Each structure stands twice: as C-alpha cells, then as structure tokens.
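Enquirer: Chains as they are written, first to last, in our numbering: chain X, 861 to 1110; chain A, 824 to 1143; chain Z, 138 to 431; chain E, 149 to 541; chain G, 59 to 293. Ideal Cβ positions, reconstructed from N, Cα and C, are used throughout, including at glycine. All values derive from a computational prediction rather than experimental measurement.
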Amino acid sequence: MNGDYILAVEGLCKAFGGLQATSEVTYSMRPGELSAIIGPNGAGKSTFFNLITGFHRPDKGKVLFKGADVTSWSSYRIARFGMSRAFQVSNIYPMLTTYQNVRQAILVQQRRTMDLFRRAEHLARKETTELLEVTGLGEHHQEMAGTMSQGDKKRLELALALAIKPDLLLLDEPTAGMSVEETHETMELVARLNREMGVTILFTEHDMSVVFGYARRLTVLHQGALIADGAPQDVRADEEVQRVYLGEEV
Amino acid sequence: MGKKKWTWAGAVFAALLLLPTVLGEFWVLVLTEILIMGLFAVSFNMIFGYMGQLSFGHAAYYGVGAYTTGLLMVKFGLPLGPSLLASMVMAGAVALVLGYFCIRLTGIYFAILTMAFGQLIFYIIFQWYSFTGGDNGLQGIKPPPMLEGAWSYYYFALLVVTAAVAVMWVISESPFGYTMRAIRDNIQRTRFVGLNTKKYMLINFVVAAMFAGLAGGLWGPFNRSISPDLCNWHQSGVPVFMTIIGGPAGFVGPLIGSVIYTFLMAFVTGFTEYWPLTIGIIITMVVLFLPGGVWGLVERYGAALPAREGPPDDPEGGTP
Amino acid sequence: MDLSLLFAQALSGLSRGMMLFLIASGLSLIFGVMNILNFAHATLWLVGAYACYTFWFLLQTHDFAVWLAIPLAALSVGLVGWVIEVVLIRRVYDRELPEQLLLTYALVLILGDLIKITWGVDDKLIARPAMLSEPVYIAGVPIDSYFIFVIAVGFAVYLALWWFLQKTRYGHIVRAAVFSREMVSALGIPIPIIYTGVFVLGIFIAGLAGAIQGPVGSVTLGMDMAVVIQAFCVVIIGGFGSLPGTMVSSIIVGEVYAFSILFWPGGALALIFILTAIVLIVRPWGLFGTPLRA
Amino acid sequence: TQARAGEPYNLGAALAITGTGALYCQDGVDAIKLAVEEINAKGGFLGQHPIKLYIRDTHTKPDSAVRATRDLILRDKVRTVLGTYSSACAVAIKPVCLEYKVLHIPAISNSEGITLTNFSPYTYQVVPNSYMQAKAVVLGVAALAKKKGWKTFATIASDYEWGRSTQQNTVALLKQLAPDLKLIKEFWPPLGETQFTSYITAIMAQKPDFVIGSIASKDNVAWMKQAKAYGFFKKIPYPGSLISVTELILQAKTLDRGLVGLCRAPFFAHMDVPMMANFVKAFKKKYNRYPSDWAVMEYDAVYGLKQGIEKAKSIDSAKVKDALKGATIDTTRGKLYFRDIDNQLSCSSYLGVVADDPQYPFPIYHDLVEVKGPDSWRPEKEIIAARAAEKKK
Amino acid sequence: MILEVNKVHTYYGTSHILFDVNLYVDRGEIVCLLGRNGAGKTTTLRTIMGLTPCKTGSIKFHDREMKGRPPYYIARQGMGYVPDNRLVFPDLTVRENLELAVKVPKGFSGEPWSVDRVYELFPSLKKLDRNLGGYLSGGEQQMLTVGRTLMGNPELVLLDEPVEGLAPLVVKEFASRIRALRSLGQTILFSEQNLSFALAVAQRAYVIDRGRIRYQGSIEELSANEEVKRDYLMV
Ligand SMILES: Nc1ncnc2c1ncn2[C@@H]1O[C@H](COP(=O)(O)OP(=O)(O)OP(=O)(O)O)[C@@H](O)[C@H]1O
Ligand SMILES: Nc1ncnc2c1ncn2[C@@H]1O[C@H](COP(=O)(O)OP(=O)(O)OP(=O)(O)O)[C@@H](O)[C@H]1O
Ligand SMILES: [Mg+2]
Ligand SMILES: [Mg+2]
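1) Keeping to the same chain, check which residues put their C-beta closer than 7 Å to that of Ala258/G; ignore five residues upstream and five downstream.
2) Flag Glu1033/X as yes if its beta-carbon sits less than 8 Å from any beta-carbon of chain G, otherwise no.
3) Does DSSP put Pro1092/X in a helix, in a strand, or in coil?
4) Quick check: what's the CA-CA separation for Val444/E versus Lys225/E?
5) At the 8 Å Cβ level, is Ser1048/A part of the contact set with chain E, yes or no?
6) Among Gly1040/A, Val917/A, Met1065/A and Thr929/A, which residue has its Cα nearest to the Cα of Asn1009/A?
7) Would you say Glu319/Z lies against chain G (beta-carbon separation less than 8 Å)?
8) With a threshold of 7 Å, establish whether the CB of Gly196/G neighbours any heavy atom of ligand 3.
9) Please determine whether the Cβ atom of Asp218/G lies at a distance below 7 Å from any heavy atom of ligand 4.
10) Determine, for Lys209/E, whether the minimum Cβ-Cβ distance to residues of chain Z falls below 8 Å.
11) May I have the straight-line CA-CA distance separating Cys411/E from Val1121/A, to the nearest angstrom?
12) Considering only their Cβ atoms, is the gap separating Trp442/E from Ala364/E smaller than 8 Å?
13) Mind pulling the chain Z residues with CB within less than 9 Å of Pro1077/A?
14) Chain X partners of Leu227/G, CB-CB under 8 Å?
15) Jot down the residue ranges of each uninterrupted alpha helix (DSSP H) in the stretch 162-244 of chain G, minimum 4 residues, whole runs only, in chain order.
16) Measuring from the CB of Ser182/G, is there a heavy atom of ligand 3 at a distance below 7 Å?
17) Distance check for Thr957/X and Ile60/G, CA to CA, integer angstroms please.
18) Assign Gly1140/A to one of three DSSP states: helix, strand, or coil.
19) Go to Ile866/X, then tell me how far its beta strand (DSSP E) extends in each direction, as first and last residue.
20) Going along the chain, which residues of its own chain have a beta-carbon closer than 6 Å to the beta-carbon of Ser953/A, five neighbours each way excluded?
21) Counting contacts by CB-CB distance shorter than 8 Å, is Arg228/Z in contact with chain A?
22) Can you pull the chain E residues whose beta carbon is under 7 Å from the beta carbon of Phe369/Z, in chain order?
23) Taking 8 Å as the CB-CB cut-off, is Glu884/X touching chain G?
24) Specify the secondary structure class of Arg272/G as computed by DSSP and reduced to three states.
25) Would you tell me roughly how many angstroms separate the C-alpha atoms of Gly996/X and Glu1045/X, rounded to the nearest one?
26) Tell me which residues share the same chain as Val1095/X and place their Cβ nearer than 7 Å to its Cβ, disregarding the 5 neighbours each side in the sequence.
27) If you follow the beta strand (DSSP E) that Val885/X is part of, which residue opens it and which one closes it?
28) Answer yes or no: does any C-beta atom of chain E fall closer than 8 Å to that of Asn959/A?
29) Using a 10 Å radius around the Cβ and a threshold of 16 neighbouring Cβ atoms, would you call Glu1139/A buried or exposed?
30) Under 7 Å Cβ to Cβ from Gly423/Z, same chain only, skipping five residues before and after it: list those, please.
31) Taking DSSP as the reference, what is the three-state secondary structure of Arg1077/X?
32) For a contact defined as C-beta to C-beta under 8 Å, what are the partners of Ile366/Z on chain A?
33) Just how far apart, CA to CA, sit Leu345/Z and Val337/Z?
34) Using 7 Å as the cut-off, classify the Cβ of Asn901/X as near or not near the heavy atoms of ligand 1, replying yes or no.
35) Between Ser1009/X and ligand 4, is there a pair consisting of the residue's CB and a ligand heavy atom that are separated by less than 7 Å?
36) What residues from the stretch 187-204 of chain G come within 8 Å of chain X, judged by C-beta to C-beta, listed N to C?
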C-alpha cells in the first residue's frame, strides 16, 4: 500500500458468535491527522480499536501501520512499534501511585525495564514530572491511582498512552466522565499534541461538541460498517448519519 | 528518605550478628532455620507480592535446590560453594521449563498449575529410589568441617542469605521490580504500553525459583539430611503462610513471617501435642484480625516506614 | 488382554470416580459460587466419616444402623459447616484468595486436632450393612456391592444439584455474585443468606460423602490429606463451578487411575497431576468451564 | 564427665504424635511411660538417676523429626532418643544423634537401612528389621507353596520405603528359596490409599496362586476390608502380610479367621517369660487394654537401655553404647543379644494363623512360628559388601 | 418525603469525603445531584444505598432509618441503584442479567417491569438478548444496568451518571424515557456533570462540591444562577 499512510486498514472483519461487530472496514489515515470515529453504542468502535491494536485478531482483512503488516502482531509489539491507546473504561494501575503509573510507562518507552539493578526511583524523574504536569495530574502524583475520581483516571489513562511517545494515538472516549471544563482542557492538550508534535490521533466520542470542535475528519460506523467518511460538516449533513446517530440537534 | 530504613536494616543486621553469642545452640539452630526459611519466603514473595500470582508449588524449586546440593555433595563429593551455585542453576532451569506454562495462567489457575507441577517434581524425587533415595531421603550431607558447628553454619547462612535478600531487594526496587508490580496491577495495560509481559513474568519466575533453590541448597547441610517432603505441597504452603502472616506488601514481610512461623514451630510443638490446633487458631486470628499481616500493622502505626514514593523534591537536580 | 478384566477395571474406576465426585462436587459448588477454595473440604469429609461411626456405634444393635447413621452424619456435618460459615468464612469473603486459602488451611489443622480429641487416634471400623457385604457379579465380574450403592448415591446427588442450579434462579444469582457481591446485594438479594446456604449445602455433601466412605475401609486420622489434592484436580479438570464438568472429570480421573494400575503401577497419582497440568495448559478453564471465569 | 548421683536422666522420645503414625505411637508412648514409672519407683537408673521423660512429635516428617531430635538433645539435654514410627525419620535422626553422641533406639520403624549402611555406633535396633521380617515370611511361604503346589504369585506393597524394601527383600529371598515360584505382577498403591477396588480387581484378574502384601497400618485395614468384600481371600491365599496386635484388636470382628499373618512382637507368644507376663499385667492394669507390638518394643527399648547403663555403671551415653555392644539383655521376648556388626537385636519374627482364642476378646495367632533373629537376619558378609559399595561412591 | 438525608459524614478509610450532607427527595420527583469530578456524587449515592456506610448522620427512606442497614435490605425497601462503573454480570446473558433482578417490593402497585418492557425502553438491547454481559459495548452495558435496576421495581432509583458514554440519539431517547417514567410517578435521584441533560429532565437540583452541598433549588433557578454554575460546575 501507499507509504503515504500511517495507518491503512483493509477489509477488516470480526464476528463474535453471530454478531458481526466489524464488517469490511477499509480505512486509512495520513500522518498528522486528527480524526474521530463516531457511531451508536455497539457500532463497533471499540472493537475496531481492539482489532488494530492487536487485542483481538481479525477474522479477515489487514492492518498496515507505518508500512508494516501488523495484523498478526501481538499487542505489545504493536505498542512498541508506535501505536498507543487509551481505553474507554479506564485501564490504569490502581495500586500504584499516579507518579509510579506514569513512570512505569516512561521506563518502558526508554527500554529500561530489563534493568534489574538500578533504583527505579532515580530514573525518568524529569520526564515523569513533566508529563504529569502536562496532563494536569501534578497535584495527584502521590495518590493511589485507584482511588481517584473517574475523570482523573481518564486523564491518567491519557498520560499512560502518551508516555510511550506514540506516532499514532487511539483514544476511546477520552473525555467521558469529565466536566465541561476538563473536557475542554483535555481536548486542547490532544489538539496541541497533534499540532506541535505531529502525533496522528484517532478518537471516538459521544460528546458532539468535542467531535465537531476538534476533529478535522469524521468517520461514522454503524453496525460494524462504515457509512460515512469525510469533513465534519459533510458528515453532519448526511441523512443516514442523522437518522442512526445524531437525531435532530440535541 | 531512605535513611531511617538503612538505620533499621543496620540495627537488625547487628542484632543478627550479636544475638547468637548470647543464645544456646538450639536457638542458634532455630535462627539458622529462620534465615533459610526467610530466604525461601522472600523468593516466594517475588512471585506473590510483586507479580501478584500465588505459586503453590514453590517448594518444588526449594526441593530441587536441596537435592542438587545434597546429591552433588554426597554422591559426587563436590564442595558446598559450587553445589549451592548449582542449586540455583538447577532450580532456575526447572523453573524455566515449568514456568513457561505457568505464566500463561493467572489467579487460581496459576496456583493450581504450579501445585500440580510441584507435585510432579515431588513424585519424581519420591519414586526415583536409585538416585534420590526415594522417601528415605538422602543422608550424610555434611558441611565442610569449618562450618560444621551450629554457630559457624549460622554465620555462613547469614552471609549467604543477606547477600541473596539484598539482591532481591535491589531487584524489587529496580525498573524490573516495578514492572512486576505493574503486571500484578494490570497486566493488560502493561502489554499495551509495549511490554512482552510473558517474558518478564518468566524471568521473574526463574529468578524467584533460583533463590528458592539457594534456600533449599542451604537446608541440606544444615539438617544433615533431606527428604522428598521438602517439595511436597505442605512445604509450598509454608512460604504462603509466612508471607501472609508477615505481610506481602512490604519487602520484609516474609522475613517477619519466617521469624514468627519458625519460632512458633520450634516453640509450640515443644509444649503441646495439640500444636496443629494452636497454630491453626493463630493463623485464623491473623487472617481475621490482622489483614496485611504484621507488616501491615507496622505500616499503619509504625514510624519506621519509608514515605510512599512520590516525585523527587527537585525534579531537575539529583539524578545523574 | 481379556475383556472381562477391562470391564472389571472400568467398574472399579467408576466407583472410585463416584467417590471423588461426591467430594469434589461440594468443593466445586463452593468455589464456583463463593470463589473460596476450601482446603478444609476433605477434613469435613473426614468428620462425616467419624460422625457416621459414632451414630453407627450408638445404633449398632439395629440392622438399619448404617442407613440411619449416614444421613445423620451428613446433617451434623452440615451443621458444623453452618457454624464455620457464620463464625469464620463470612468474614473473609472480600479478602484475597491466599488469605482465604490460609484460613481454610488453618481449619484443616484445627478440625484435625478436634477430631483427634473427640475420637482418639485409633482407627474406627464401621461394619457394613449385611446386604452390602458380599460381592455381586455383573457379567461374571465381581464388584463390591457397597460400591453399587456409592455409584447410585453419586448419580442421585448429581441430579439433585443439577436441578437446583439449572432450574432455580439461585444458580444465576450465585454466578452473578462471583463477579460482584456488591451489585447483587444492591439488587436486593441477601448475599449472606445465599452464601451461607451454598456453603452449608457444599459441606453437607462433603459430610454425606464422608459418611458413605466410612464403611468402605477404616476411618483414620490423616485420611483427608490423601484426597484433598485429588479433589482439587478433579475440580480443575472439570472446570470450576461446572457440575457436569465435575462429574465427567471425576469419572475420567477414576478410570485413569484404575487403568494406570495395570500399565504403570507406580504412576497412578503422577498421571493425575500430569492430566491436570495438561488441561490447565490447553484449556485453563477446564473441560466444561467458560473462559470468562479465567 | 561423671554424672552426680541424683542427677536426673533425661530420656527423649521422638514419635509421631500426630498424623498417620499416631495410632501405633500412642501405644509406644504408653509403654515408655509405664517402664519409666517402674524404674523410677526404684530410684531411677542405677538407683540414683530418676528418669525425666521428654516426648516430641516428629509429625512423621524427616525434617520435623530432625528438629524434634535437636530440640530433645539441645534443650532437654536427653541422653537417649527413643524413636520413631517412620523409617525415614529414623534414618534422618541417626546422624544427628551420632553428631551429639546420644543413644538412638528406633523401636517401631524397621527399615533395614537404619542399620545396614551409614552405620552409627549410637544406634541400636530392637525391632526385627525389614529383611528379617521378609525372611520370616519367605520361610513360611516357601513351605506352604511346596505343600500346596503354588506356582505364581503377585505382590501388593505400599509405595514408600518400608513397603518397597520389604517387597524387594521378600521377592529376592523367595527366588533363592523357591526358585520356581513366578512373580507375575507387582502393585504399588500409594501411601494413604483409601480405595483399593482397582487393585483388587486387577489382582484377581491376574489369577495368581497367592499374593504377598506389604501394606501397613490403616491402609492395611482398608485393603483387607475391601478385599474381603470382593471375596478376595476366599479365592486367593494371602499369606504373611503384616497383621500386628493392633490390627488383631481393632478388626477383631471382621478379620478373616485362617489368614496367615506376620507380626513383630506379639505379647501372647511370650507369656511364659515372666517379664512379659508382668508387663502385660501392669499395662492392662494401667491402661485397661492389651499391649500391641509397638508397646512391647518400646518397653524393651527402655529396659535395654537400663541394662546397658547398669553394665556401663554410668549414664554417659558414650560408655553405655560401648557396654551395649554385643550385649545380651533380658527382654519381654526372652534373652536376646545385639549383633556386633550392626547393633541389631536378635529378636524374632512371628507367623501364625489368625484364630479366635477363649482367653482374649480378639483373635490371636495359632500355630505360631517364631523365626529367630539369627536365622533370619542378613548374613554379615552381605552387610560388609553393602557398606563397601557405599564407601566407593 | 420519600428520602431524607440528614447531616451525613462519610469516610473512605481515614479520608473524610462527605461533610454534613443534607438532602431530600419527594415522591414523584426527579432530582439531580450536580458536581464536577471527584465532588462526591458517587459517594453520596453509595452512602444512601448502604454500600459505603456513613459514619454519622441519618438516612431515612419512607421515614425508616436505613443507616447501618445492608444494601440488600435497603434494596428490598424499594430503592434501586445504578452504579457508574456498570457492573454488568459478565458471564450471564443480557436476559439473565435482567431476570436476576426481578423483585416486587412490599406495597408495590402498578405494572411491574418485565424484560420486554426494558427492551422497549432500550430497543438495542433486544437483539443482544442472549449475548453474554461481559462482551457488550460500553453503551450497551450502561443501558443494561439501568434496565436491570428497573426490573426490581424500585420506588426510588439512584442513577450515577446514567448517560455517560451514550450516543446522542440514545441520550435524547433516554431523556424522554425518564420524563415518561416521571409521568408514571417514578421517583429518581441521579448524579450528573452534564448540565444540559440535567436541565432536560430534572425538576430540582443539588450542587455538591468537595463533599459539601453548596446549592439547592429548582432546576430553573439553577440554570439562571451564573455564579453557582461558574464556581461549582465550571460552566
Ligand atoms: N469479546 C466480545 N465478544 C462478543 N461480543 C462482543 C465482544 N466485544 C464486543 N462485542 C459486541 O460487539 C459490538 C460492538 O461493540 P463495541 O464495543 O465495539 O461498540 P462501541 O462502538 O465501542 O460502542 P460504545 O459506544 O457503546 O462503546 C457490541 O454489540 C458488543 O456487544
Ligand atoms: N475507595 C476510595 N478510597 C479513597 N478515596 C476515594 C475512594 N473512592 C473515591 N474516593 C475519593 O472520594 C472523592 C469523591 O469521589 P466520588 O467518586 O464520590 O466523586 P464523583 O463526584 O462521583 O466524581 P466523578 O464525576 O469523577 O465520578 C474523590 O476525591 C475520590 O478521590
Ligand atoms: Mg466503545
Ligand atoms: Mg462518580
């Protein structure tokens, strides 16, 4: 496939029992995009993420990432190759402090986890503190991550995804559970990452203000299949999308 | 921060150095036992406390270590030192093979698979009369003359155990150690930040088994004989018990547990024939009223504790 | 090898399997529902055997002594189970697996000594009912008639439990509770009662199995240790919490044991562990379990 | 160091108070207590060293046994350790006693390994060892086989040290004495087996002319009871399995009469020896039951020690061990002596037919055959060879 | 008054989370508990349900004291709870999840909820009838938990951020369903960060911040009170 694409997905299919969760999805992204995938609950958005990150194995189809065929790679290899994700339901280290959470991910990125004899405490201080500040978790660094409120957990989730310096970042409902202001802050950060560091970003959201406020391209999934793809205004105007997802304006 | 901790460690070590000079031979032997079992328990806690999996077959590696040293010394006349090294290697090798399967599982399944493998090792040792002596065990494992006395073997064990525990402590504080905690906490997340978790778990499993093997190796010359019971599931329960009594969360928990358990066994069995009842009640009390073990208690009330690790006070300076 | 030999081995394997099933089914039930691996299960089984001895001893002048002693023993063990649940087990529901393991292991020690204090160290022998003391012949092959009785009880327990778990809402509650006690409780279901019920039922079955074991050989201290690990293996092979799984794996283990005696006499027990390991590696959730549980 | 008069003699016993061996050991403990009482009534050893008894639990595990022994030696300062139920424990204790120069008298466990190899001059064995017992069985069985024209046999033995060594010795000795008997299959139920059905059907299918069993204790009870329910003993003779007095008493009702059994020290064989008669009377008076083999042997152990001390005129264990070397002692089983080469007491093994007896509320052995120690123990040159082989390694 | 919470203080271990919380709900009311992240909404609802018992204060349901009662007892009095973290039973099917919760509290009148009625409320669940709960999408799980609680025919439903993660269309549907429930006389107390949804369905609102109730009043007053909105809701 064309080397212009950072991610190229071809004819991806996945069925769970009788349920076709993903059917014949073909999708590609160029480096530097900031795009969103939307669709009703159960449309298959998370499944799509699961398929490209190696969490599920597709029944059919191919996933190319940075030119390599990663379809059958295990998830850790894909992550290491530069694709990172934040989960819909926050997926953090609940029994470690927020600081240790982030440091762990950074140590992985620095390939220092095989080090048996140096004190972790002395490593990656600067990077960790920086990332905590950037994601607005600075004041929580000492807290046990599991006892933070939902919104803070989501932010930590994002920090973990960022820590490994991905080329492609997949965010599954990154602002769910956040207040309006926090949502805004978080999305600003995401936009900045995209703008300043050139990270390619793909996210899902049900909050339309977020979707239309930040995504520069919009793709709609419905019952596992792509039904629309294009600039936000065009997609918003699409009748089918109106019918299955948006309803009239909320 | 770490200052207090070092003071404490120093004090304990000094006590361990001096204590035997005032104790009778029996208690020196008990102390030696505490050291060896403590090493065994700490190695167990590398899997349990830091990787979050309950190994119920840890005695297998202890037993393999004990038999390696025993057989090498008795049948091949190898000196103690190289035999101990061989114990670590042998236990590690066995763990590499068995661990390959075990680390694919978690929770109760991990516990039972490790137990099943442990029982297999037990049966092999138990049945292989021509080589291991079967359930008669192996006798005549004598330390070199220099270490034959209770006191000298104690100091030898102290040296070996301290070194081994120190190494494990360093590992537990290293990025690798924290990776283990991360795996315990959320294995999926760890995979998604790009770690081959199986590889790490296997390495940890093998390292833990090696130290268990070392503990086993120390046991034979201490006890003068070994038997297959050393790797039976009852024996696998011992480090579990020690760790939970002592507290799995802290590094020293299993050591405290070893002190308590060994002392209890030496003491309670001396004064009542109903020691199972007594020990059973004590365990029950600990589980019910002392969650987190003794170390948990210390953490809650004690001042001896290092503060939970946070970011450095000066993020810029300090680190090389 | 001649056919009647194989048949005789198969029958003896079946009887062995049924004995295992009776022990393992309660274990599996309690684990499946409460997520508690009860180390003391076999010890309570042993209590059942001793209780059976006591009742039999009191009634021994009557022909029906054993017949009455068995249910009485099972009930009294159920009662013991109730006390244990209320006093101990209930306090550790939301603890971690190892702590629960350790508590039930402590129970093994405590009960073991209590048995010794109550019944002493000597073996107890229960005379079998006259009608079950002679062998019967099936297709010319002898089988201990007592084991026909054991096999019958095994199947009866299986059917009763199956009905209970499948045909009552209970079964679902119990499966939901494994995932989140809190949520089940918030739906208005009284968890403590359910748990007590399940535990007592499981222990009752253990007591029944023990009582039935009583007349088989002698009742002695330490008998429990020989079976507890085998029972674990059975439960694992079948899949935790799966009743049909437990049944099938009991029979498999019984038969494997019976036939390995012919071909690899020293390795019968080792084979069971090998089997367990293979199942765990290939299908960790057991032959009949569901992967979500794993 | 010469002991002062009036200094107590600390006597230790490492036995299985809990677990599998508790049944046999209970009797042993009771007999030891009785002997101690009797001796103390006369002022103790040498009339001036009252005995203080310390009892520790081995948990039937070698490791615990070692700890118990060290505990006895180091804290309780015992001069003699009476022992153990399990042979593995005896073997583990032996070097510890040697190291601290303490006498060791294993009076229940009887693996030959205790005295055969790794010899310790401090260990004295008062039980007919596994070789002697096997020899006794073989002598009996060979005679029977000849009489009845038996050709084939199978063995069933518990899969642990004692069962294995007994089975091996039996098979080897049978081969010497009756070379045309053919072993068709061996069965090895694990220790603690509760259900023997599969073994029973498998043996019956082999149709051997007779079966030799080496199963002990509760496993033996379970095995015999189940085999009986299969009609096993009616079809297949089962000569010479271990049926001690404990089993005779416990299974009084169910035991098949006519079975040929083996035991180690049945009191009823020696009621003509005054010491035995007195012992049985005293035991019965104190505990209201008859003494088992285990009680008899532990009792003899204490009295053997007493005579050693008297001969040495000292309670110093190093001296007592020298005094006991080759010594002849009075026991409940008559005058017996320790063989020089391995400190094995020249005690007998007993074979007989289980039968009711009006004198006792349980069956005893009739047609009792006493196979004397010197007729059954391993020839000295074999022992020398075994020890030489051991050295070579 | 169906629910009356008085001077409640709640702790997690040693950390004090709720301070002197007072609130009430009248029969047939839809009340909203607003507050930003970590304000204590979840804790308040859990305290009412008895899942995180309060240390001091009183919680009266139908004038009966619920403090110190176990959750199942409170549920049986007619209270239902939908947690924010879903807790769908993973190895039961959708239908089994629903059927499990069937319960008719004492003194309940009217048409009880059934599986079919829940499917009417959330049509997308219908086709998942026999799927295992563990495999549902995030939004589907959310719908299932709400349905499951309704199956117990509670008089008072506690909803913790019920529309989080639901598609806009579904949110709208859901809002209209809640209004429909209100017309049936259902009493609801729900927590929310999203003001627009609250405005669409609630009649009355409390605003909580750092474990203290900072404001209460009708929803119209709230929407007009820029100061409260700015200080506590950051809108
Ligand atoms: N492992 C699985 N096994 C079976 N079914 C599954 C599995 N994972 C997802 N599904 C089903 O696949 C469909 C798509 O789920 P997915 O999680 O991708 O939806 P989504 O678009 O992310 O929805 P939401 O916006 O609600 O999160 C759903 O109907 C879900 O029930
Ligand atoms: N188990 C716990 N242990 C300790 N503190 C906790 C625990 N759970 C929550 N907290 C703390 O209690 C406070 C209130 O949390 P709560 O979950 O009630 O907030 P919330 O308003 O529901 O927030 P969100 O909108 O993010 O769900 C937070 O500061 C949180 O960190
Ligand atoms: Mg999703
Ligand atoms: Mg909340």
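Expert: According to the structure data:
1) Apart from the 5 residues on each side of it in sequence, Ala258/G sits with its Cβ closer than 7 Å to the Cβ of Ala233 in its chain, given in chain order.
2) Taking Cβ atoms only, chain G reaches closer than 8 Å to Glu1033/X, which makes this a yes.
3) Residue state, collapsed to three classes: helix.
4) Answer to the nearest angstrom: the Cα atoms are 26 Å apart.
5) Any Cβ of chain E closer than 8 Å to the Cβ of Ser1048/A would place that residue at the interface, and such an atom is present.
6) From the listed residues Gly1040/A, Val917/A, Met1065/A and Thr929/A, the smallest Cα separation to Asn1009/A is found for Thr929/A.
7) Glu319/Z counts as touching chain G.
8) At a cut-off of 7 Å, the beta-carbon of Gly196/G counts as near ligand 3: some heavy atom of the ligand is closer than that.
9) Checking the Cβ of Asp218/G against ligand 4 gives yes.
10) Output row for Lys209/E: interface = no.
11) Between the alpha carbons of Cys411/E and Val1121/A lies a distance of about 58 Å.
12) Annotated as distal: Ala364/E and Trp442/E, with beta-carbon spacing of 8 Å or more.
13) Per Cβ cutoff of 9 Å: no residues; Pro1077/A is ~12 Å from chain Z at best.
14) Ordered by position in chain X, the residues that pass the 8 Å Cβ test against Leu227/G are Pro900, Val1104, Tyr1105, Leu1106 and Gly1107.
15) Runs found: 173-179, 181-184, 196-208 and 226-241.
16) No, the beta carbon of Ser182/G sits no closer than 7 Å to any heavy atom of ligand 3.
17) About 41 Å.
18) Interpretation of Gly1140/A is limited by its pLDDT of 33, a score under 50 that renders its predicted location unreliable; no figure is taken from the coordinates.
19) Looking at the DSSP string, Ile866/X is not in any beta strand (DSSP E), and its letter there is neither H nor E.
20) Around Ser953/A: no qualifying Cβ.
21) Cβ-Cβ to chain A under 8 Å: yes for Arg228/Z.
22) In chain order: nothing, as chain E lies at least about 16 Å away.
23) Cβ-Cβ to chain G under 8 Å: no for Glu884/X.
24) Correct three-state label for Arg272/G: strand.
25) Taking the straight line from one Cα to the other gives about 9 Å.
26) Correct list, in chain order: Leu1078, Val1080, Ala1088 and Val1101.
27) Judged by DSSP secondary structure, Val885/X falls within the beta strand (DSSP E) whose first and last residues are Leu879 to Met889.
28) Yes - at least one Cβ of chain E is within 8 Å of the one on Asn959/A.
29) With a pLDDT of only 34 at Glu1139/A, under the threshold of 50, the placement of this residue in the model should not be trusted, and no figure is reported.
30) The beta carbon of Gly423/Z sits closer than 7 Å to those of Ile373, Ile374, Gly375, Gly376, Phe377, Ser379, Gly382 and Val416, all from its chain and outside the five residues before and after it, given in chain order.
31) In the structure shown, the three-state DSSP call for Arg1077/X is strand.
32) What Ile366/Z touches in chain A: Met938, Gln942 and Trp1056.
33) Rounded to whole angstroms, Leu345/Z to Val337/Z spans 12 Å at the Cα level.
34) Yes, Cβ of Asn901/X sits closer than 7 Å to a heavy atom of ligand 1.
35) For Ser1009/X, the Cβ falls inside the 7 Å cut-off from some heavy atom of ligand 4.
36) Listed in chain order, the positions of the stretch 187-204 of chain G with a beta carbon within less than 8 Å of a beta carbon of chain X are Asn189, Tyr193, Leu194, Ser195, Gly196, Gly197, Glu198, Gln200 and Met201.
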